[in-house]
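S.K.:
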Amino acid sequence: MSHSTLRRRFAAGLTALATAAGLIVGAPALVGAQATEQGSSASLGSAGSSAPPPPAPAFRPAGGDENPVGFRNWLRPGCEWDPVASWVQLCTVHSPSMNRPIKVQVQPARFGGNAGLYLLDGLRARDDWNAWTHDAQAQRIFLQDNITLVMPVGGQVSFYSDWERPINLGGNLLEYKYETFLTQELPNYLADHFGVRRDNNAIAGLSMGGSAAAALAAKHPDQFKQVSVFSGYMNPTAPGMYTMIPLAMFDQCRCDPFAMWGLPGSPRWGENDPLLNAAKLRDIPMYVTAGSAIPGQYDQPSSLQAVFNTFNGIILEGLSRGSTLAFQNTMNAAPNKAIFEYRTTGIHGWGYWNDDLIAARSAQILNVMNAHAWAGY
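Using the numbering used here, read the sequence shown as starting at 274 and increasing by one per residue.
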C-alpha cells in the first residue's frame, strides 16, 4: 500500500470517527494535503503546520534570580549546557535495554530537592529536543521551583512502552524499551547525579505522552506519586482506536505499529489502557485536561494549510475529549484523587498544553511533590 493511500485512509478515518462521535456534521474528507505537527503531522501526536508553531504564552515566574543557591551551575557527568538555557542540561544516558545512548534534557531542582517531574512528548517526538522546552516553556514554568525536570528526547510513536519487537526506522532496527529506560535505568542515573529519589516523582505528558504517563503511573505507583494528562487518549482499546492509533503511528514512522503491543485485542493493549487500569490510578493524584475542540486564542490560521491543520486539530481534540470523559466516568465509579478540567475552547496544540502545565503546577504538582521554592529553605 502506498504512503499516499495510507495517508488518505488515515485522514478519512479521522473524519469518519469524528462524524460518528457527533463532533462534525458533513465534514469534507481529509485528503490530499499533508499536515505536520505543531511540532508534528496531524495525528494522535498534535496538530499544527510545517511552519514554526505559534509561540507558547509567556510565563514569568516571580523573582529574577535563576540560580539563587548554586545547585544548578555545574554540569553533571555526560551532560552539556542546552541552548534553551534556564540551567537546562542535555545529558546522554546509556540504556542497556536499548543498547544505545538516550538523550535527556534535565533542569536541576532549584534548591537541590529530591523530587522529579518527567515530561513526556507527543507522537512525533524529535531526536534533538523534547518539545516541552521548545513548543512550550517548561523550563521557565518551573524555574523557581524545587523540582528536577526530566525530559526524555526521542521515542517517536513509542507510547513510552516496551515494544514486543524492534522498530524499523529508516532501515535501522532499534530496540524500543522506553518503559524499562524510564522506570529502571534513568532513575539510577538521576539518583546518582541529580539527587532525584527513585520513589519521589511526578509524570506528565500530552496526547501520546499523556496516555503513556497514566499507564506508567498505574504500573509503577512506587515511582510516580502524581500524574498529569493533557489531551490524552485514555481508552486506546475503544472501538475505532485499534485502527486510528496504528494508522497514526504508520503515518509518522512508516514502520510496523503492531511491533508495539501486538495485534489489536492482544493483552498488552489492555495493559496500556488507562481506562482499563482506573482502579490502579484512584489512589494517585491526577490532573487531567481536554479541550472542547472549538478553536480558541491560539488558533488563527492564515493559510489554507493552516486551516487544514486546524481542522485536524479539532478532530483530534474531540477524540481526546471523548476518551477523557469516558475515563472520568470510570474513575468516578469509586473515590479517587483526580481533578478533571475541560477547556471551553481549544484544539490539539501546544499553546493549550503550556497553559495546562501551568495550571497543573499550581493546582497539584508542587503541593503533592512538596516542591515549592520555600521547601528548599
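Here a beta-carbon is modelled for each residue, glycine too, at the ideal position from N, C-alpha and C.
(1) Taking 8 Å as the cut-off, does the segment 543 to 562 touch the segment 489 to 506 (at least 3 CB pairs, one atom from each stretch)?
(2) Can the beta-carbon of Leu416 be found less than 8 Å from the beta-carbon of Thr456?
(3) State whether the segment 530 to 547 contacts the segment 584 to 593, with contact taken as three or more CB pairs (one from each stretch) at a distance under 8 Å.
(4) Using a Cβ-Cβ cut-off of 7 Å (strictly less than) and excluding sequence neighbours within five positions of Asp472, which residues of its own chain qualify?
(5) Considering Cα atoms alone, identify which of Gln525, Asp524, Pro519 is closest to Met221.
(6) Taking DSSP as the reference, what is the three-state secondary structure of Asn474?
(7) Quick check: the segment 379 to 393 against the segment 607 to 624, are there 3 or more CB pairs under 8 Å?
(8) Looking only at its own chain, which residues have a Cβ that is under 6 Å from the Cβ of Val298, when we skip the five neighbours before and after it?
(9) Using the C-alpha atoms, what's the distance from Tyr625 back to Thr618?
(10) Under 8 Å between the Cβ atoms of Tyr615 and Ser565?
(11) Going by DSSP, name the residue or residues bridged to Thr562.
(12) Verify whether the separation of the beta carbon atoms of Asn474 and Gly389 is less than 8 Å.
(13) Here's the rule I'm using: 16 or more other beta-carbon atoms within 10 Å means buried, otherwise exposed. How should Asn419 be labelled?
(14) If you draw a straight line from the alpha carbon of Glu448 to that of Gly535, how long is it in whole angstroms?
(15) If we count Cβ pairs, one from each stretch, closer than 8 Å, do we get three or more for the segment 405 to 412 versus the segment 435 to 442?
M.R.: If we stick to the structure as given:
(1) Yes, since at least three Cβ pairs between the segment 489 to 506 and the segment 543 to 562 fall closer than 8 Å, the two stretches touch.
(2) Residue mapping note: residue 416 aligns to position 143 of the sequence shown, counting from 1. Residue mapping note: residue 456 aligns to position 183 of the sequence shown, counting from 1. Result no, Cβ atoms of Leu416 and Thr456 do not sit closer than 8 Å.
(3) Verdict: no, contact absent.
(4) For the purposes of this step, residue 472 is taken as residue 199 along the sequence shown, with counting starting at 1. Excluding positions up to five away in sequence, the list reads Asp495, Gln496.
(5) A question about residue 221 goes unanswered here, because the residues of the chain that appear run from 274 up to 650.
(6) As a first step, residue 474 must be located in the sequence shown, where it is residue number 201. Residue state, collapsed to three classes: strand.
(7) Remark: fewer than three beta-carbon pairs, one from each stretch, lie closer than 8 Å, so the segment 379 to 393 and the segment 607 to 624 are not flagged as touching.
(8) The residue you call residue 298 lines up with position 25 of the sequence shown. Caution applies to Val298, whose pLDDT of 32 falls short of 50 and renders its modelled position unreliable; the model cannot decide the point.
(9) Start at 1 with the first residue of the sequence shown, and residue 618 comes out as number 345. Start at 1 with the first residue of the sequence shown, and residue 625 comes out as number 352. CA-CA distance, Thr618 to Tyr625, rounds to 9 Å.
(10) Walking along the sequence shown from the start, residue 615 turns up at place 342. Walking along the sequence shown from the start, residue 565 turns up at place 292. Less than 8 Å separates the beta-carbon of Tyr615 from that of Ser565.
(11) To locate residue 562, count along the sequence shown from 1; it is residue 289. Per DSSP, Phe503, Glu614.
(12) What you label residue 474 is simply residue 201 of the sequence shown in a count that begins at 1. What you label residue 389 is simply residue 116 of the sequence shown in a count that begins at 1. Their beta carbons are under 8 Å apart, which means Asn474 touches Gly389 by this criterion.
(13) Translated into the one-based positions of the sequence shown, residue 419 becomes position 146. Buried.
(14) Along the sequence shown, one-based indexing puts residue 448 at 175. Along the sequence shown, one-based indexing puts residue 535 at 262. Looking at the two C-alpha atoms, the distance is approximately 15 Å.
(15) No, the segment 405 to 412 does not touch the segment 435 to 442.
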